[in-house]
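First up is the structure itself, then whatever we jot down about it.
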Amino acid sequence: MRLLDKYTLKEFLGPFLFGVAAFTAIFLGADTLLKIASYVTKYGASPVSALKIFILALPRIVVYTFPMAVLLGALMCFSRLSGSSELIVMRSSGQSFLRLAAPVFILSLFISLCAVAFNEYVVPWTNREYEYVLNTEIKKNFNPGVTDHVVVRDVQNGKIVHLLYARRYNPATKELENITVQEFQNEEVTRVENAPKAIWKNGVWIMNDGIIYDLTGDGVDRMMHFDRQEIPYAQAPEDIPKEKKNYDEMTIRELLLTKKAYAAAHADTTPIMMEVHRRFSLPMASFVFAIVGAPLGVQKQRSSSSIGFGLSVVIIFLYYAIMTFLEALGKGHVMPATLAVWLPNLIALFTGCWLIHRVDK
């Protein structure tokens with residue numbers, strides 16, 4: 273690595289680490305600490321439970337603060353280099369702005385890839401633990417009510433064998449309603465069973481008055497009616513609410529399996545696919561923000577650190593406002609779900625490329 277690259281990265285890392293700490297603190301103070309205070313006053317949460325909630329909330333907040341911190345780091349880095357005329361000296365040696373900014377772009381891409389892995393392997397687990405602590409230790413809600421969209425997976429030797437979807441679980445009657453069961457062989461669906469309901473009886477779920485469809489590559493091979501069918505792999509009634517996961521508590525593999533179950537039951541899969549794409553689009557915003565922030569920092573009027581921080585906040589607000597608006601359009605089927613999730617990044621990317629071209633000229 274050239275000495276000039278190391279110097280540029282050093283100028284970037286300071287504001288970046290400050291941004292991670294500052295923006296995380298802002299999120300914690302504006303949302304998490306207020307929630308914890310309400311849990312203590314309303315439910316009498318213990319200090320240990322409050323501390324658990326605080327720690328478990330950090331990972332999902334950090335995923336949002338990484339792009340903000342990268343934007344601040346890139347903007348402040350090149351603002352300082354530009355304000356002290358060091359950037360002019362660097363460019364007088366024949367280096368293009370794109371080459372000078374390349375170390376920041378490469379590091380930001382690495383941060384984005386790490387954030388994707390972090391968002392897949394750490395955040396879902398901490399979100400599940402957060403909800404568990406909140407419901408069992410703080411709210412003491414051991415007996416939740418009706419559970420919608422129940423998905424049960426039967427995995428053997430690392431492969432999915434059965435996938436059950438029920439539109440609703442009613443704890444009062446211990447019934448699963450509107451059931452679709454898919455049977456897999458080598459990741460391919462070979463049989464589908466539909467039944468209006470299943471009843472918990474003698475330690476097993478029993479479907480009544482259902483239909484079985486045997487499938488081949490060409491479609492339905494045969495159709496049979498059954499009066500009674502057991503589901504030996506499904507959880508006991510008291511375990512179903514515990515196993516219910518929100519989308520942000522699932523890994524990408526679990527989300528894709530849930531999508532299969534929803535699709536087989538003709539339920540709306542748009543929110544699931546948007547969550548899958550968000551697992552990549554949000555972390556990749558770090559790389560996109562580096563492309564936006566670096567050329568913005570070259571402007572002389574933005575050499576002040578306070579103005580640079582303020583500009584970062586404005587850009588971040590616009591980005592998340594556009595993201596929220598487009599996601600609402602995607603969930604409302606006004607525009608394709610994939611486009612709704614990725615369009616904010618594409619807008620920022622094209623804006624950053626235009627700014628880099630303008631600075632290079």
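Residue numbers (the numbering used here): 273 to 633.
Beta carbons are placed, not taken as given, at the ideal position from N, Cα and C, and that holds for glycine.
Nearest by alpha-carbon distance to residue i: which of the options is it?
i, options, result
"G345", "E502, E599, H629 and P567", "P567"
"L343", "S584, N617 and V606", "S584"
"A293", "I619, T313 and I333", "I333"
"D493", "D481, N474, E502 and T462", "T462"
"L435", "I503, L347 and P319", "I503"
"I410", "L487, A438, K324 and G491", "K324"
"D632", "A309, S364 and G286", "S364"
"F552", "A389, S380, I619 and K314", "A389"
"R439", "V570, V453, V422 and Q501", "V422"
"K516", "H497, K314, V418 and L487", "V418"
"G569", "L347, F284 and R425", "L347"
"V564", "T304, A620 and I544", "A620"
"L305", "V476, Y315 and A322", "A322"
"N407", "S558, L285, Y311 and L554", "Y311"
"A539", "A387, E392, N617 and Y437", "Y437"
"I520", "Q501, G475 and R550", "Per the sequence presented here, residue 520 reads as Asp, with Ile not at that position. The option with the nearest alpha carbon to D520 is R550."
"G489", "G475, Q457 and L618", "Q457"
What's the call for residue i, buried or exposed, on a 16-neighbour Cβ count within 10 Å?
i, result
"F622", "exposed"
"A302", "exposed"
"Q573", "Legend: pLDDT at Q573 = 49, less than 50; position of this residue unreliable, value from coordinates given subsequently. Exposed."
"L590", "exposed"
"I588", "buried"
"K278", "exposed"
"P319", "exposed"
"M496", "exposed"
"A609", "buried"
"A508", "exposed"
"V560", "buried"
"I628", "buried"
"C349", "buried"
"V586", "exposed"
"I483", "exposed"
"R630", "exposed"
"G355", "buried"
"G286", "exposed"
"L618", "exposed"
When you compare only the Cα positions, how much space is there between residue i and residue j?
i, j, result
"E459", "V548", "20 Å"
"T541", "K531", "6 Å"
"V613", "M607", "10 Å"
"I360", "R371", "14 Å"
"C625", "M556", "16 Å"
"L640", "V433", "The chain is shown from 273 up to 633; residue 640 falls before or after that span and cannot be answered."
"A537", "N466", "9 Å"
"W397", "M522", "8 Å"
"I298", "S384", "21 Å"
"T313", "E401", "22 Å"
"K412", "N442", "20 Å"
"F498", "A470", "13 Å"
"A309", "Y592", "26 Å"
"C386", "G491", "42 Å"
"Y315", "S558", "38 Å"
"L353", "F284", "10 Å"
Would residue i pass as a contact of residue j if the rule is Cβ separation under 9 Å?
i, j, result
"F326", "L300", "yes"
"L328", "V405", "yes"
"L611", "I594", "no"
"E449", "P468", "yes"
"Y336", "F382", "no"
"A562", "F290", "no"
"L487", "V453", "no"
"L276", "L379", "no"
"A506", "V424", "yes"
"M545", "E599", "no"
"F288", "A341", "yes"
"L554", "N391", "yes"
"M479", "I524", "no"
Which first and last residues belong to the alpha helix (DSSP H) in which residue i is found?
i, result
"L487", "Note, L487: premise wrong, no alpha helix (DSSP H); beta strand (DSSP E) at V476 to T488."
"T280", "L275 to F299"
"I451", "Element bounds for I451: not the alpha helix (DSSP H) but the beta strand (DSSP E), E447 to Q457."
"S321", "P319 to G355"
"E409", "Unbroken run through E409: none, as it is neither H nor E."
"T304", "Where T304 is concerned, there is no enclosing alpha helix (DSSP H), given that its DSSP letter is neither H nor E."
"D642", "Summary: the structure shown does not reach residue 642, with the chain confined to residues 273 through 633, and so no result is reported for it."
"T523", "Taken as a continuous stretch (DSSP letters only), T523 belongs to no alpha helix (DSSP H), as it is neither H nor E."
"G565", "T542 to L568"
"A387", "F369 to Y393"
Over the uninterrupted beta strand (DSSP E) stretch that includes residue i, give me the two end residues.
i, result
"Y441", "K431 to N442"
"M496", "G491 to I503"
"T419", "T419 to Q428"
"A467", "E460 to K473"
"N518", "Counting along the chain, N518 falls outside any beta strand (DSSP E), and DSSP gives it neither H nor E."
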